[in-house]
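Residue numbers for the sequence shown follow our numbering, beginning at 2 and rising by one.
Working notes, beginning with the structure itself.
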Amino acid sequence: MMQPGRRNPLLPWFIGLVVIVATDLWVGYQMFATACQATGLAQVLVLVVMPAVYLVLMYLTLRSQD
């Protein structure tokens, strides 16, 4: 019988971080290297604010776990 191992509690944070970095790279490429003419505010919201909010929420979620 296999015994279940204890999962790393930071695994969701690492996965979320990888998703955020990949998304930022893709969106940044779309905004700066192609003909996408997004406004400066939209660029800041997508590339800075959304990842920051996500990471803060993930941190608070992990902190509330036992």
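Here a beta-carbon is modelled for each residue, glycine too, at the ideal position from N, C-alpha and C.
{"Asked": "Is the closest heavy atom of the ligand GTP to the C-beta of alanine 43 under 7 Å?", "Found": "Ligands in the displayed structure: none, and consequently the ligand GTP is not present."}
{"Asked": "Could you give the DSSP three-state label for leucine 48: helix, strand or coil?", "Found": "helix"}
{"Asked": "According to DSSP, simplified to helix, strand and coil, what is glutamine 66?", "Found": "coil"}
{"Asked": "How many angstroms separate the CA atom of valine 57 from the CA atom of alanine 36?", "Found": "32 Å"}
{"Asked": "Does the Cβ-Cβ distance between leucine 48 and valine 22 come in under 8 Å?", "Found": "no"}
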